[in-house]
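Engineer:
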Amino acid sequence: MSAGRSRGPTGARGTTDGGTRAWESRAACRHQDAELWFSRRSSARAVAICATCPVLAQCRAAVLVREKGLPACHREGVIAGLTGPQRHALERQTDRSWPGPPADPEAPLSTFPFSYGVDGGLTPR
7 MSAGRSRGPT
17 GARGTTDGGT
27 RAWESRAACR
37 HQDAELWFSR
47 RSSARAVAIC
57 ATCPVLAQCR
67 AAVLVREKGL
77 PACHREGVIA
87 GLTGPQRHAL
97 ERQTDRSWPG
107 PPADPEAPLS
117 TFPFSYGVDG
127 GLTPR
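As structure tokens, then:
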């Protein structure tokens with residue numbers, strides 16, 4: 007990625023809203039430098055930005071769909087407030103206990119079945 011490029015991590019394939027991805031226009035990362043999401047030095051800042059995002063649930067649902075079946079080593083950067091290994095662990099947990107992403111892409115974050123703890127762990131709500 008080139009420095010100065012203004013686009014957060016949501017601009018990749020994967021959608022849960024019938025293909026429109028309209029929710030991306032409201033993402034907190036929308037006008038951030040893309041390098042922020044893929045640098046270990048800035049991952050804490052990226053996670054903090056995601057924590058304030060009004061479309062975090064939609065982003066998490068989209069990334070789970072997009073990365074379904076990928077091994078942890080092929081999941082890079084911070085997306086939806088989670089690192090690649092955290093997204094992989096979430097997929098493994100949700101495969102056992104969650105029926106899938108919300109049917110309504112505008113669903114509030116409270117419909118997401120796991121919370122992201124301060125210690126980096128995911129716990130069922």
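Remember, this note's numbering sits 6 above the position in the sequence shown when you count from 1.
Ideal placement from N, C-alpha and C gives every residue a C-beta, glycine not left out.
Going by DSSP, what residue range makes up the alpha helix (DSSP H) through R51?
Structural biologist: By 1-based counting over the sequence shown, the position of residue 51 is 45. Taken as a continuous stretch (DSSP letters only), the alpha helix (DSSP H) holding R51 covers 49 to 57.
Engineer: Need the endpoints of the alpha helix (DSSP H) that Y79 sits in, please.
Structural biologist: For the purposes of this step, residue 79 is taken as the residue at position 73 of the sequence shown. It is worth fixing the name first, because residue 79 is Cys in this sequence and not Tyr. Premise fails: C79 is in no alpha helix (DSSP H) and is neither H nor E.
Engineer: Using the three-state DSSP reduction, which class does T26 fall into: helix, strand or coil?
Structural biologist: Against the sequence shown, residue 26 aligns to sequence position 20. Residue state, collapsed to three classes: coil.
Engineer: Could you tell me which of P77, R81, A68, C59 sits nearest to T26, measuring between CA atoms?
Structural biologist: Position 20 of the sequence shown holds residue 26. With distances taken between Cα atoms, T26 lies closest to A68.
Engineer: Could you check the C-alpha separation between Q64 and D39 for me, to the nearest Å?
Structural biologist: The count along the sequence shown starts at 1 and reaches residue 64 at position 58. The count along the sequence shown starts at 1 and reaches residue 39 at position 33. Answer to the nearest angstrom: the Cα atoms are 21 Å apart.
Engineer: Checking 9 Å against the spacing of the C-beta atoms, do V61 and E97 come in under that value?
Structural biologist: Translated into the one-based positions of the sequence shown, residue 61 becomes position 55. Translated into the one-based positions of the sequence shown, residue 97 becomes position 91. No; because the gap between Cβ atoms is not below 9 Å, this pair is not in contact.
Engineer: Assuming C35 is part of the alpha helix (DSSP H), what are its boundary residues?
Structural biologist: Along the sequence shown, read from residue 1 onward, the residue named residue 35 stands at position 29. No alpha helix (DSSP H) holds C35; DSSP gives it neither H nor E.
Engineer: Can you tell which of K74, A95, H37 has the C-alpha that lies nearest to the C-alpha of C56?
Structural biologist: Residue mapping note: residue 56 aligns to position 50 of the sequence shown, counting from 1. Residue H37 is the option with its Cα nearest to C56.
Engineer: Could you tell me whether the Cβ atoms of L88 and V53 are closer together than 9 Å?
Structural biologist: What you label residue 88 is simply residue 82 of the sequence shown in a count that begins at 1. What you label residue 53 is simply residue 47 of the sequence shown in a count that begins at 1. Yes.
Engineer: Figure out for me which residue from A95, A28, T100, G83 has the closest Cα to the Cα of R51.
Structural biologist: Counted from its first residue, the sequence shown places residue 51 at position 45. The option with the nearest alpha carbon to R51 is G83.
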